[in-house]
């Protein structure tokens, strides 16, 4: 190179200088290479962490619809009024400038006063004592921010015609930790407030409306247990980005459909990156992944029928009755209505429930879905199972059985099993199957149950899948309780236990939904179905092209495998229990639809075997000729009067009437499929 | 080698150096623009008040001054060098007088406010020192062997050094040392003097650093707080003394974070530029204000270039400086006499010191000092002096050997 050729000829000193220069530039080059090439990634990520804030944007939650597309749960826009701190930088600075000037003036005064006192000017060191400390400056800044925010809040308050409170501590904390995010000062504005705000305030003055989706259950407490409720939860779901600087409010379903189908309803949260400057103020924002809206869940429930069932329950038993109703399509297993009482308003949960309300709900254990999540002794409605077991094992329905009179109460019967005596509500006398069924004779069914053998009872019960979940949805279902074959064969099992089983007591617990499946199987000719409560999951936007995923109806879980004749005898007896004047379920009879049913009254005992109350039951289907509907009504009662026939049958009656009314109104269109 | 016919066809000026110079000035304009236009309030100014326009004006004035200097033979200039030296010492003294010198709130009294221009005497003192030292050291080599001459030379250097140190402006003062040293070396000062000098300076520096870093507070040399902090930042040492209470330590740590902020941000700028950079005017560090807006366009202009143009940009800048420095050395080699050679070497060393210290502080090779990057950093005094210095070098080239 020309330059170096020249240097070679020159004196050694210049060459030394050239070498030093080359060395120095080499060091710089190596340093730059290290920083810009080798460590570039490290600095890039450092730069990102200091300049970017990521924000989780929740997706629009899917709706929950009834079988006709009526809305059970949806989202409504909610407007919050928020301060945009980045737009307030200038006012903050201006206010700070004024405060600082005041402070400096005060400081000058103090110095002057001190000088006057001492009669000389202060030295540099002495003046320093009067200087503002960092803490004081920070305090002035915080004070100026607060006063700007307060002024703005007051201004907004005047416009809206209502005070807009601003919590100083909260505001300062938001400034320190969520500077890049809007600061909400007034939540959930109503239309009047929105109009007043929009009228006066325009962009860029530091406050604006912020849209937020709020979960709304338009029918309030209707089907609340089924729908479940939401809880505030902005955490990342599985498969989602897990780190965010900030998260916008989001919800998570806890129980019911909201809980069981949460992943489908919730959709996929999106993410936004906010670029902030060195002071942390928002500079710009960029959505780098759009949230994917959640799916709609379409239920098999009929909203009108659901309402009718709830209303009849309230009418007969009051709003705080502990009860459940299940209405099922006997051929498809579709749950048309599912009532659990007492109920609650899921809107309360979405908006934050008050302590009083919460306490009351706890006291009533109202959040429990009694149709699926509580164990009940079935009482006499279990005699349907005993009847099938006996009929299948050689019982002649016309055979006459004599019920003995109870010596203590000659008007009623009694039966002795081993050393035990079991009272009968039926009067003493001669009984064939039909008469024993409609009088719900304990003596008859215990005798014939024992004769059929407990293994056969268990076998048929297993066919009904008692003691197993019906698989409705995950978070709210109990298995119930049903003894296993090995259990009943074991020595610990006595005839007394079998006798208990025969009257639906003892080691036996069921849920109303299980009973609805059972009655459906009797009604539909022996098919034990998987009940179905979700018809399909479909995209929120019908134009998205995505196919709805359907849950098939009428999936057979098991065949009873009993003789059709046995089922017919049982169905006839159930019809007569309602239609015959001697029957226990006459209150359920409806004009225009022949209802078949069985009543039940199960005793509830406390730990010391003291009778504390009853579970009243009515398990039914209709119409007799071509069964379509199964209705199971269960009422818990601490009142020792009443029976399944007097408490539950009238409620079932109302529901059947509602069904009839709906079918007539729709000119022959039936609720359950033909 | 001396062949008049060849020399006559050679250009009067060192064109290669001038091209590098021109490119650097273009880069300077572009990135002063980029660094200041990101700031909304300065982008609002009328065009004639904008920093980059002013920078162009300074360039023009500097070129004017450089050309003017080329018109006068450097021998004539050298004869007046002691006047310049005396004047610069005078200004270095009056800048220390309160109400004449101003500190711009930085705690160091470095500027004289002339209204349109913040005159920084230390920049001109560097030039005057080079001229004066070249003139002084260009005496016959034999004389340089005399002790008295050597010590006078040292004195020549120490006077402005101490005055600049008093401002205080440690960085500007320190660049005088290598400049003087190299000039002495090239002038032919006996090695043993220089070795001893280097030894003594090195020992003092080592003692000084040891004192700053390790000595208990009572034993430390008096120094401006920010200077000590900058050194502590550079060496990554703890601000708090070992005996400090937790509260004091926490405060010291916060202070340390604040003080190392500039360096940290400069390094993030440079590093996040990567190989290709983010593109002109696309540097987030500047736009978002992480690089302090007051420093981005002057002392930290290199961070802006490195962030926006990446390693490639850094390489271009380094290459341009290398061209200027080595053509400068070539000019020194071809100089007609020792005076010319010394002037050229002095200018080269001064420029190199600035480049090394300024770029070095961006990547934490060197502690932070307020030293501008010649020709790129915004600033009247710096631009003027750099261009005048290069004018001097061209002057030496014009009047080179055999021409």
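Residue numbers (our numbering), protein chains in the order written: chain H, 1 to 674; chain A, 1001 to 1403.
A virtual CB, placed ideally from N, CA and C, is assigned to each residue, including glycine.
- For residue 1119/A, same chain residues with a beta-carbon under 7 Å away, outside a window of 5 residues either side, are 1111, 1112 and 1381 in chain order.
- Proximity of residue 35/H to chain A, defined by a Cβ-Cβ separation below 8 Å, is satisfied.
- Taking each of 1165/A, 1394/A and 1058/A in turn and checking the Cα distance to residue 1116/A, the smallest one comes out for 1058/A.
- When DSSP assignments are scanned along the segment 431 to 480 of chain H, no uninterrupted stretch of beta strand (DSSP E) that is 3 or more residues long falls wholly within it.
- Under the three-state reduction of DSSP, residue 1093/A is assigned to helix.
- Contact annotation: the segment 252 to 259 of chain H touches the segment 222 to 241 of chain H, with at least three C-beta pairs closer than 8 Å.
- Cα atoms of residue 1399/A and residue 1336/A: separation of roughly 7 Å, rounded to the nearest angstrom.
- In the structure shown, residue 1379/A adopts coil according to DSSP, grouped into three states.
- Residue 1146/A is outside the set of residues whose beta carbon lies under 8 Å from a beta carbon in chain H.
- For residue 253/H, the uninterrupted beta strand (DSSP E) run begins and ends at 251 to 253, by DSSP.
- Chain-ordered, the chain H residues with CB closer than 7 Å to the CB of residue 1274/A read 36, 40 and 44.
- Contact between residue 536/H and residue 551/H holds, with the beta-carbon distance rounding to 7 Å and staying under 8 Å.
- For the pair residue 1220/A and residue 130/H, the Cα-to-Cα distance works out to about 27 Å.
- A Cβ of chain A is located within less than 8 Å of the beta carbon of residue 18/H.
- Of the candidates 32/H, 601/H and 300/H, 300/H places its Cα closest to the Cα of residue 70/H.
- Between residue 521/H and the set 627/H, 223/H and 506/H, the nearest pair of CA atoms involves 627/H.
- Judged by beta-carbon spacing, residue 658/H lies beyond the 8 Å limit of residue 330/H, meaning their Cβ atoms are not closer than that value.
- Contact of residue 142/H with chain A by beta-carbon distance below 9 Å is absent, the smallest such distance being about 17 Å.
- Within chain H, no residue has its CB atom less than 7 Å from the CB of residue 1153/A, the nearest being about 15 Å off.
- Using a Cβ distance threshold of 8 Å, residue 1073/A and residue 1397/A do not count as a contacting pair.
- Looking at the DSSP output, residue 329/H bridges to 629/H.
- In this structure, the straight-line span from the alpha carbon of residue 61/H to that of residue 335/H is close to 24 Å.
- Boundaries cannot be given for residue 354/H, as no alpha helix (DSSP H) includes it and DSSP labels it neither H nor E.
- DSSP places residue 1363/A in the coil class of the three-state scheme, outside both helix and strand.
- Burial of residue 53/H is indicated by the presence of at least 16 other C-beta atoms within 10 angstroms of its C-beta.
- For residue 24/H, the three-state secondary structure derived from DSSP is helix.
- Leaving aside the five residues that flank residue 1178/A on each side, the residues in its chain whose CB is nearer than 7 Å to its CB run, in chain order, 1349 and 1353.
- Secondary structure at residue 347/H: helix, using DSSP grouped into helix, strand and coil.
- Secondary structure in the segment 1124 to 1154 of chain A: no beta strand (DSSP E) run of 3 residues or longer lies completely within the stretch.
- Residue 502/H has no beta-bridge partner at all, per DSSP.
- Note on geometry: alpha-carbon atoms of residue 102/H and residue 91/H lie some 17 Å from one another.
- Here residue 442/H is buried, its C-beta having at least 16 other C-beta atoms within 10 Å.
- In terms of beta-carbon proximity, residue 1023/A stays away from the interface with chain H, with every pair separated by 8 Å or more.
- Note on geometry: alpha-carbon atoms of residue 1321/A and residue 1091/A lie some 30 Å from one another.
- Taking the Cα positions, residue 1195/A is about 29 Å away from residue 1392/A.
- Annotation: the continuous beta strand (DSSP E) that includes residue 596/H extends over 596 to 605.
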